[in-house]
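The next block holds one structure in the form of structure tokens; read it before the comments.
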DNA sequence: TCTGGGGTCCTAGGACCC
DNA sequence: TCTGGGGTCCTAGGACCC
């Protein structure tokens with residue numbers, strides 16, 4: 109059996125732990141740039157505010173219903189996530205951290221324990237230790253555990269946990285689950301399936317295997333088998349190292365000046381370098397991407413990416429910045445208002461395995477410098493030490509007007525007077 | 001005026017090899 | 001007139017997830 113622990117309205121719940129005033133109020137957390145709704149409290153969902161809705165479109169309802177609107181505070185959510193995960197790991201022998209707010213656990217060693225009791229106790233412990241409410245779903249496969257969690261969230265189940273045990277019971281539930289609510293079946297496939305008169309998870313498992321494989325590839329067939337109780341997706345306890353690392357941002361204001369794009373791209377490249385060094389990896393390729401505002405169809409549109417081969421696989425921010433700027437200058441065009449840029453690293457491998465370049469060994473000289481820079485930033489904050497090309501003002505940067513404090517990670521911030 | 005960010009996997013088709 | 005069989009690797013595009 110597999111269990112899924114899913115934090116309820118995670119970002120909102122994190123904010124509520126440290127600001128009790130929010131507990132009886134409708135709350136939304138916004139994406140970067142205070143752009144879209146990315147987390148909603150139960151009250152907010154009831155008001156009909158959708159996931160991903162642009163903030164400016166809900167202004168009226170926010171005012172009339174006194175909804176608390178917050179910028180996202182990833183430092184806080186990341187730290188709260190570790191607390192939740194550590195609490196789970198202490199209770200479960202095998203855990204897969206699936207996302208910032210979800211973890212799968214494997215329960216085959218729990219044969220002689222009452223699983224519901226276990227789930228209810230785990231839930232209580234997480235709430236007590238971290239303040240975060242969770243839903244727990246248990247089933248024969250990861251996909252069924254997802255379904256079980258879905259049941260907890262969509263029906264009033266007091267104990268916050270649900271187990272899919274017998275086949276008959278599972279079938280009854282699958283008949284009530286919309287096909288688009290199945291893990292692994294997204295918008296495109298559910299549309300296609302609906303045109304074939306497949307409306308529920310149960311309808312889906314009655315389709316022939318060959319049809320499912322033909323229209324949805326092997327991935328879709330695995331989903332079907334999982335719904336039937338045959339486990340096809342294993343618990344992944346150890347996280348593979350990342351295959352790509354991206355830093356991208358939309359700009360608060362559209363930019364046409366290459367000097368400003370350079371500042372942004374340098375910042376992204378440096379930030380990718382930080383992530384890369386944290387993973388003890390190096391990258392061989394760097395992609396720069398820029399685009400105009402695609403919501404403004406009356407403006408001239410341009411979108412272009414370029415991938416640069418790095419002479420040696422590297423984790424040096426200096427080298428990454430250098431080639432990111434080189435790439436940017438190749439794709440930049442005048443006469444456009446740019447809204448977004450990105451830097452992506454790929455060809456990632458462990459640092460210990462790096463293949464040297466006979467013609468260029470400058471990177472090895474950066475190692476101590478990077479270590480020092482990382483240490484200084486760790487201690488005094490990322491913004492306190494920057495490369496010359498980065499602009500400390502960062503006026504391309506998006507606003508975060510309504511951000512809460514880093515309650516769990518920066519004590520000095522809490523001492524500041526409002 | 002204002003519309004996020006960061007990932008993974010699979011497949012088909014082209015280019016190449018013997 | 002007749003034109004094989006069996007592979008690998010890479011990439012773009014499409015699907016999905018949170």
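Residue numbers (our numbering): 109 to 526.
No residue lacks a Cβ here, since even glycine has one placed at the ideal position from N, Cα and C.
{"Item": "Exposure label - residue 283; buried when at least 16 CB within 10 Å", "Value": "exposed"}
{"Item": "Cβ neighbour criterion (16 or more within 10 Å) applied to residue 348", "Value": "exposed"}
{"Item": "Per DSSP, the bridge partner or partners of residue 393", "Value": "417, 454"}
{"Item": "Residue 426 - DSSP class collapsed to helix/strand/coil", "Value": "helix"}
{"Item": "Local conformation of residue 174 per DSSP, three classes", "Value": "coil"}
{"Item": "Helix, strand or coil at residue 191 [DSSP, three-state]", "Value": "helix"}
{"Item": "Inter-residue spacing [alpha-carbon to alpha-carbon] between residue 411 and residue 402", "Value": "9 Å"}
{"Item": "Separation of residue 235 from residue 229, as counted between CA atoms", "Value": "10 Å"}
{"Item": "Per-residue DSSP class, three states only, for residue 404", "Value": "coil"}
{"Item": "Every unbroken alpha helix (DSSP H) within the region 115-155, with a cutoff of 4 residues, ordered by chain", "Value": "118-126, 150-154"}
{"Item": "Segment contact, 8 Å Cβ cut-off, at least three pairs: the region 411-423 with the region 316-331", "Value": "no"}
{"Item": "Endpoints, the beta strand (DSSP E) within which residue 386 is located", "Value": "Where residue 386 is concerned, there is no enclosing beta strand (DSSP E), although the alpha helix (DSSP H) it sits in stretches over 366-386."}
{"Item": "Extent of the continuous beta strand (DSSP E) to which residue 357 belongs", "Value": "353-363"}
{"Item": "Residue 334 versus residue 424 - alpha carbon distance", "Value": "43 Å"}
{"Item": "Coarse secondary structure for residue 157, derived from DSSP in three states", "Value": "coil"}
{"Item": "Euclidean distance between Cα positions of residue 190 and residue 237", "Value": "12 Å"}
{"Item": "For residue 441, the nearest candidate out of 340, 197, 484, 366 (CA to CA)", "Value": "366"}
{"Item": "Buried versus exposed, by CB contacts within 10 Å (16 or more), residue 119", "Value": "buried"}
{"Item": "Given 8 Å, three or more beta-carbon pairs between the region 137-156 and the region 299-311", "Value": "no"}
{"Item": "Contacts around residue 383, its chain only, beta-carbon distance under 6 Å, and the 5 residues preceding and following it disregarded", "Value": "353"}
{"Item": "7 Å CB neighbourhood of residue 429 in its chain, flanking five on each side removed", "Value": "374, 377, 378, 495, 497"}
{"Item": "Start-to-end residues for the beta strand (DSSP E) that takes in residue 214", "Value": "210-214"}
{"Item": "Whether residue 257 touches residue 426 by CB criterion (7 Å)", "Value": "no"}
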